[in-house]
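Asks: Got a structure here, written out as structure tokens. Questions coming.
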Amino acid sequence: MLGPIGTPELVIILVVVLLIFGVGRISGVGRELGSSIKEFRKAVKDEEKPDETTGQVQQAQVQQPAPQQQTQASPPPPAQSSAPSNPPSETASGTQEPQKNIF
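Heads up: the sequence shown at position 96 corresponds to 96 in the numbering used here, and the numbers run straight through without jumps.
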């Protein structure tokens, strides 16, 4: 089985990564990673900063979406009639062909 990763394995992985991506690309990725960590720490620090007027820690407020009012009126109940719900269709000759129920 595989044992713990040691220094020689890490050096080999580093060399392979350098060959694949190149020095310029890796430095750019490192720079972006560092700026992302910096922004994350700043956001966490600002969130926990106490309010100057009350001295209490401000909590992040999650905005709940406003409930939408129903603008459409509900359809009226179907009228009770003796007519079939599926009228027969007409063929090209003008005669009516009864509709077949699938169910």
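Each residue gets a CB set at the ideal place from its N, CA and C atoms; glycine is no exception.
What you are looking at is a predicted structure, and each value in this text was computed from that prediction instead of being measured.
1) Could you spell out where the alpha helix (DSSP H) holding ILE102 opens and where it closes?
2) Just to confirm, is the Cβ distance from VAL17 to ILE26 under 8 Å?
3) What span of residues does the alpha helix (DSSP H) with GLU39 cover, start to end?
4) Do you know offhand how far PRO8's Cα is from GLU32's?
5) Helix, strand or coil, according to DSSP, for PRO4 in the structure here?
6) To the nearest angstrom, how far is the alpha carbon of PHE21 from that of LEU14?
Replies: According to the structure data:
1) Taken as a continuous stretch (DSSP letters only), ILE102 belongs to no alpha helix (DSSP H), as it is neither H nor E.
2) yes
3) Secondary structure note for GLU39: its alpha helix (DSSP H) is the uninterrupted segment 23 to 47.
4) 27 Å
5) Secondary structure at PRO4: coil, using DSSP grouped into helix, strand and coil.
6) Distance between the alpha carbons of PHE21 and LEU14: 11 Å.
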